[in-house]
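> For reference, the structure I am asking about is given below.
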Amino acid sequence: MNVPALEVRDLKITYPARRGRGPARAVDGVNLRVEQGEIVALIGESGCGKSTLARALVGLVKPTSGQVLYQGTPLNYSAKALKKYRRHTQLVLQDPGGALNPRQNVFDAVAEGPRLHGLTDRLNETVRTSLTRAGLRPPEEFTARFPHEMSGGQQQRVVIAGALALDPSVIVADEPVASLDASVRGEILKLILSLRDDLGLSALVVSHDLGLAWNIADRVAVMYLGRIVEMGTVEEVLLRPRHPYTRALLSVLPDSAKDWRPTLLAGEPPDPTAIPSGCRFHPRCGNWAALSGPDREAAGCDRRDLPILSGDPSALTLTACHLVPGEHV
Amino acid sequence: MSSTAATGTVTGRETSSRPVSGRFELLTYLGSKLAAAVVSFFVTLVIGFTIFSLMPSDPVRTLTRGRPTSEAQLAHLRLQLGLDKPIWERFLSFVNDTLHFRLGYSWQFQQSVSSLVADRLWPTLLLMGTAMILSVTLGLWLGVRSGWRQGSLFDRIASSTSLTLWSVPTFWLGMILLVVFSVGIGPIPSLFPAGGMSDPALPQSGFGHYVDVARHLVLPCLTMVLVVFAQYVTIMRSSIIDELGSPYLLTARAKGLTDADVRRKHATPNALLPSVTMIFMQLGTLVSGAITVEAVYSWPGLGYLTYQALQIPDLPLLQGTFVVFSASVIIMNFLADVVYRYLDPRVRAQ
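Just so you know, the protein sequences line up as chains A and B, in that order.
Plus 2 on top of the position in the first sequence (first one is 1) and you've got the working numbering.
Plus 76 on top of the position in the second sequence (first one is 1) and you've got the working numbering.
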C-alpha cells in the first residue's frame, strides 16, 4: 500500500480559554489523508477549524493531541526537524497582497526559502524556474518588481513560486483564490492542477467554495465545527451528498440539482468554545428538526456522540450522521 | 509542460517603461517637497518677525533699565537699532539679512547672533546627539521586544516604566538626578559634576578634557534619554503589533524562518516607518536642544542660550535662534521625505 504524502491521525487542537469563554476546540478529532499526487479539498464555513487544520499540516500549529505524519513519519516539533520539514510542505495563503512582504521584491521573496535552506548554488536558476512554473513568464520581467506593482493574480503566482522554490512535495493552500477576481481564479486553479500533473505535487486546498472543489479536487472533506462530517470522492460527495450539512451547502448553489429545495441553515453560527452535545450539527439540522415523538427519541442526535471518521481514502464516501445509513467508521 | 502552457502566461510588458518615468517622478517628488519646504520657511519668517515685533515690552526701555538716560539718548538708540523705520521696511531688511545669514546683534552679549549660535551649536549637538542615539536605540529595542510578546511580563514592565518616566516633568527628574548623583545622598558619593560642560580648573584640551566633558555629559544626557525614550517604545511597539497578524509573517515562518528571524528580517523593517518619521521630527528639534535640561545643568548650548535670551528679553537673539530652530526642523522634514522614498517602496509608487 502506498504511503500517504500527508496524514493526520485523531488530530485535536484546542486554544486556551480567554475572556470568560471556554477553551476553543478548533480541531476536535480529525483523520485525513492526502495521497501522493492527490488533490484534496477541505470545505467548510469560516470558523470551522479548516485554517487551523491547514496550519497544523505545515507544522505552524502544534497539535494538542494526535499526529501529523509526512510520508508515514510523525512530525518532530524540534526547531531543526521542523525547518527540514518546511522544505517538503509549503503553505499558500488567501490574501496574496498580505502574504508578500511589501519591502521585498519578487526575486528576494522567491529566493528567501532557498537561501534559508542553503540551496544557493544555482539561486538565479531556481528563482527563474519557480517563476516560470508559476506562470510568470518571462521571469526577468518580474524579478525586480515589488508586490504593489503587480495584480492580485500575479501576486498569488509569486507566492506559489516562493513555495515551489523549495521543491516541496505537498502544498497546503488556504483559500488560495478567495480574494482574487473571478477571471483570475480559474487560472490559479489550473496552475495548481498543472503543478500536480507536471511535478507530481500533492495538495490540500482549503476553501468555503464547493465549486472550487469540483474543479480541482480528487477527494473532498467537509468540515463542521472541528470535525469532518463527510468525505469521499468528488463525484460521491458533490453529486450524491449524504450528510444534511453537505446537502444544505450544495442546495444553495445556483446550478444544483432541480429536485433539491434550497435549505437555508438556521440557528446559531457554530462556536468552537461551545460545541453541542451529541451530533454537533443537530441544532441546525433540518432532518433532526423534522423528526418528532418516538423517531426523534430513537435517533438521539442530541445525546449520542458520533465516532470520528476514519479518513480511509479507499472508501468512496464516509458520513458522520445518525440519520444517514452508511459507514460511520 | 503542455498543461502549464494552457494556464496562460502573465507578462509584464505594460510597465516596462518604468525606469525613465521613475527618474522623472523622483525629480517631481523632490521638487514638490523642496517647494513646500521653502514656503514653510518663508511662513516661519513672517511669524517670527510678527511675534517679536508685537512683543509688549519696549526693547529700548528694557536695554536702558536702571540707568539714567535722556530722551535724546533713547532716540539715538532707536535709530541705531533701526526701530524708527516703518514695520514693512524692517521686515524686508530682516528677510534680506536672514537670507545672508546675518541674524542680528545680541543686545545682551554684544556679539553677533550668528557667532553666538555657532559657538553654542556644538555643545547642543553633543548633548542631544548622544541622548538621541541612546534613546532611539533603547526605545526601538524595547518597543520591538514588547510588541512581539504583547502582554508578556517584559512588555508590561517595559511599557509601564517608560510611560512613567515620560510623564515625569523634565526639570524635576533633572533636579532629582542632580541631588542623587551630583550632590550625593546617604551612601551615594558625588559621582558627577553639577553643571557646565567642563571644569575650568582643568586644561581645556587633550584626553583629560574629553574625559571631563564626558563626565559632565552623563547627567544631562541621562535625564534627556529617560524622558524621551518612551515615545520610541510606544510607537515601535504599536507598529510591531500592527504587523503581528500579517500573513507574510506566516509565509516566512512556513518557509522555515525562526521566530527571531521573522521578527528581525520581516516584522521590524516593515514596522520601522512610523519610527523613522518620528526620529526625523526629533532630529529637527535637535539643535533647539532641550531648554529645560540645558537650563537645569547650565549646559552651554542653544537651549541655554535661548533661556538666557528670554530673561532679558534679548529680541535679536531670540529671533535669531527662532529662525535657526525653524530652519533645522524644515530641513530635517525634507530629508525625512527623501529617506522615506528609499525605505518604503510603496511611497515610490505614489
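Where a beta carbon is used, it is the ideal one built from N, C-alpha and C, also for glycine.
This one's a predicted model, so the numbers in the text were calculated from it and none came from an experiment.
Name the one or two DSSP bridge partners that Leu121 (chain B) has.
Beta-bridge pairing links Leu121 (chain B) to no other residue.
> Kindly list, in the order they appear in chain A, the residues whose Cβ is closer than 7 Å to that of Thr344 (chain B).
Near Thr344 (chain B) there are no residues of chain A at all, since even the closest Cβ is about 11 Å away, more than 7 Å.
> Which runs of the alpha helix (DSSP H), 4 residues or longer, sit entirely within the region 276-326 of chain A?
Counting whole runs of 4 or more residues, the region 276-326 of chain A contains the alpha helix (DSSP H) stretches 288-292, 295-301.
> Determine whether the beta carbon atoms of Glu114 (chain A) and Gly61 (chain A) lie at a separation below 8 Å.
No; because the gap between Cβ atoms is not below 8 Å, this pair is not in contact.
> At 4 residues or longer, what runs of the alpha helix (DSSP H) sit wholly inside the region 325-407 of chain B?
Listed in chain order, they are 344-360, 367-372, 378-387.
> Please classify Asn217 (chain A): does DSSP put it in a helix, a strand, or coil?
Asn217 (chain A) falls in the helix class under three-state DSSP.
> Rounded C-beta distance between Ala43 (chain A) and Ser209 (chain A)? I'm assuming under 8 Å.
Between Ser209 (chain A) and Ala43 (chain A) the Cβ distance is about 6 Å, and since that is below 8 Å, they are a contact.
> Using 8 Å as the threshold, is the C-beta distance between Gly223 (chain B) and Ile355 (chain B) below it?
No, they are not a contact pair.
> For Ala290 (chain B), tell me which candidate among B:Leu302, B:Ser129, B:Val303, B:Asp275 has the shortest Cα-Cα distance.
It is B:Asp275 whose Cα lies nearest to the Cα of Ala290 (chain B).
> Determine the burial state of Leu241 (chain A): buried for a count of at least 16 other Cβ atoms within 10 Å of its Cβ, exposed for fewer.
Its Cβ having fewer than 16 others within 10 Å, Leu241 (chain A) is exposed.
> Using a Cβ distance threshold of 8 Å, determine whether the region 245-258 of chain A contacts the region 286-295 of chain A, with at least three qualifying pairs required.
They touch, by the three-pair rule.
> Suppose you measure from the CA of Val352 (chain B) to the CA of Ala412 (chain B); what does that come to, to the nearest Å?
Roughly 8 Å between the two C-alpha positions.
> So Met300 (chain B) and Ala347 (chain B) are supposed to be a Cβ contact under 8 Å. How far apart are they, rounded?
With a Cβ gap of about 25 Å, Met300 (chain B) and Ala347 (chain B) do not count as contacting.
> Please list, in chain order, the residues of the region 315-332 of chain B that have any C-beta partner in chain A closer than 8 Å.
Taking 8 Å as the Cβ-Cβ cut-off against chain A, the residues of the region 315-332 of chain B that qualify are Ser322, Pro323, Tyr324, Leu326, Thr327, Ala328, Arg329, Ala330, Lys331, Gly332.
> By how many angstroms is the C-alpha of Leu255 (chain A) removed from the C-alpha of Thr265 (chain A)?
Cα to Cα, Thr265 (chain A) sits roughly 10 Å from Leu255 (chain A).
> Could you tell me the distance, in whole angstroms, from the CA atom of Gly250 (chain B) to the CA atom of Tyr373 (chain B)?
Between Gly250 (chain B) and Tyr373 (chain B), the C-alpha separation is close to 8 Å.
> Work out the CA separation of Val304 (chain B) and Leu254 (chain B) for me, nearest whole Å.
Each residue's Cα considered, the two are about 18 Å apart.
> Looking at C-alpha atoms only, which residue of A:Gln158, A:Val179, A:Leu206 is the closest neighbour of Ser171 (chain A)?
Comparing Cα-Cα distances from Ser171 (chain A) to each of A:Gln158, A:Val179, A:Leu206, the minimum goes to A:Leu206.
> Does DSSP classify Leu293 (chain B) as helix, strand or coil?
Leu293 (chain B): helix per DSSP, three-state reduction.
> Is the Cβ-Cβ distance between Gly215 (chain B) and Gln307 (chain B) less than 8 Å?
Yes, Cβ-Cβ distance for Gly215 (chain B) and Gln307 (chain B) is below 8 Å.
> Thinking just about the alpha-carbon of each residue, which of A:Thr319, A:Val94, A:Arg89 is nearest to the one in Glu177 (chain A)?
Residue A:Val94 is the option with its Cα nearest to Glu177 (chain A).
> Express the C-alpha separation of Tyr105 (chain B) and His292 (chain B) in angstroms, rounding to a whole number.
Looking at the two C-alpha atoms, the distance is approximately 44 Å.
> Taking 8 Å as the CB-CB cut-off, is Thr353 (chain B) touching chain A?
Not closer than 8 Å to any Cβ of chain A, the Cβ of Thr353 (chain B) fails to qualify, so no.
> Under 8 Å, Cβ to Cβ, is there at least one residue of chain B near Arg88 (chain A)?
Closer than 8 Å: yes.
> Can a CB atom of chain B be found closer than 8 Å to the CB of His210 (chain A)?
No, its Cβ sits nowhere closer than 8 Å to a Cβ of chain B.
> Specify the secondary structure class of Gln187 (chain B) as computed by DSSP and reduced to three states.
Note: Gln187 (chain B) maps to strand in three-state DSSP.
> Are there any heavy atoms of the ligand HEM lying less than 7 Å away from the beta-carbon of Leu293 (chain A), as far as the coordinates show?
Only the bare structure without any ligand can be found here, which leaves the ligand HEM out of the picture.
> Kindly provide the ranges of any alpha helix (DSSP H) runs that are 4 or more residues long and lie completely inside the region 188-235 of chain A, ordered along the chain.
Runs of the alpha helix (DSSP H) inside the region 188-235 of chain A: 212-218.
> Do you know offhand how far Gly302 (chain A)'s Cα is from Pro278 (chain A)'s?
Straight-line Cα distance between these residues: approximately 13 Å.
> I'd like to know whether the C-beta atoms of Val70 (chain A) and Leu84 (chain A) end up nearer to each other than 8 Å.
No, the pair does not count as a contact, with Cβ atoms beyond the cut-off.
> Count Cβ pairs between the region 392-403 of chain B and the region 324-331 of chain B that sit closer than 8 Å; are there 3 or more?
Contact between the region 392-403 of chain B and the region 324-331 of chain B is absent, because fewer than three Cβ pairs lie under 8 Å.
> How would you label Ser364 (chain B), buried or exposed, when you count the other beta carbons within 10 angstroms and need 16 or more for buried?
Buried is the call here.
> Do you know whose CA, among A:Val326, A:Arg282, A:Glu238, lies nearest Leu318 (chain A)'s CA?
When only C-alpha atoms are compared, the closest one is A:Glu238.
> Hey, out of A:Val5, A:Asn4, A:Asp12, whose CA is closest to Ser312 (chain A)'s CA?
Nearest C-alpha to Ser312 (chain A): A:Asp12.
> Applying a beta-carbon distance threshold of less than 7 Å, which residues of chain B neighbour Asp97 (chain A)?
Chain B residues near Asp97 (chain A): Pro323.
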